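Single-structure report; data block below.
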Amino acid sequence: MKKIAAVILAAGKASRFGSCKALALINDRPLIESSITAANAVTPDVYIATGYWHKALSQAAADNQWNAKLLYIDNWQQGIGDVISHVTHTLCDDYDGLLFLLADQPAITGDNVALLCQVYERHQSDAACCQYPDTIGVPAIINARVFDELKALKGDEGAKKLLMDRAHLIDKLALDQCNIDIDTPEDLANYVHYLTHMSSLW
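Numbered per the UniProt record's numbering, the sequence shown spans residues 1 to 202.
The following block contains the structure:
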């Protein structure tokens with residue numbers, strides 16, 4: 001496998017959640033640990049892109065001994081495009097590809113990410129991404145051939161436009177676990193209720 005770095009995007013304020021969403025607890029563990037564990041399954045090089053909650057995430061990383069390095073994005077408030085651009089500028093010389101994940105997908109697993117990597121490696125595509133019912137998105141692996149375009153991103157426009165560009169060879173993989181994300185405290189409560197209910201059936 002080519003050298004890939006995993007980047008967990010956790011720079012935003014999480015306004016709809018009202019607190020540090022990445023550190024919300026599920027089964028007594030921070031939400032972001034699902035993505036960290038999934039990323040660790042495919043690469044030893046895992047980064048967390050931080051911004052508004054950098055101090056809290058730094059403390060949690062130390063307390064929980066996460067196998068991940070934190071990248072502080074000083075212009076995080078400009079939007080996800082600037083975050084991705086900053087990350088790409090920082091890592092581009094050391095890696096052949098970047099695997100982007102979110103911090104708020106509690107069901108994501110190492111098997112999911114490993115399968116995405118297998119598809120990406122098999123086809124040598126410009127990118128491999130998750131196919132949702134009505135769109136595409138992360139987790140997504142972006143080949144170094146597209147790094148210059150990632151560097152040019154700005155504002156609220158992320159990499160989705162590039163993934164949908166027919167000029168690029170994109171592999172798409174449906175992963176049911178990626179359909180679950182946490183945006184609000186209600187989402188979290190519903191997911192925890194689901195986990196509790198499901199475990200009671202065994």
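We put the CB at the ideal spot given by N, CA and C, even for glycine. Small disclaimer: the values here were computed from a predicted structure and weren't measured.
- In this structure, Y47 sits away from A10, with a CB-CB distance that is not shorter than 8 Å.
- Collapsing the DSSP output to three states places D74 in coil.
- Proximity of the stretch 136-148 to the stretch 98-118 meets the contact definition, three or more beta-carbon pairs being nearer than 8 Å.
- A distance below 7 Å between beta-carbons, with the five flanking residues on each side excluded, links P106 to the following residues of its chain, in chain order: I26, L31, S34, I180, I182 and Y191.
- In this chain, C117 is not harboured by any beta strand (DSSP E); it is covered by the alpha helix (DSSP H) spanning G110 to H123.
- Each residue's CA atom was taken as its position, placing V119 and K160 some 19 Å apart.
- Only buried fits A128, as 16 or more other CB atoms lie within 10 angstroms of its CB.
- Counting C-beta pairs with one atom in each stretch, the stretch 152-170 and the stretch 107-118 have fewer than three that are closer than 8 Å, which means they do not touch.
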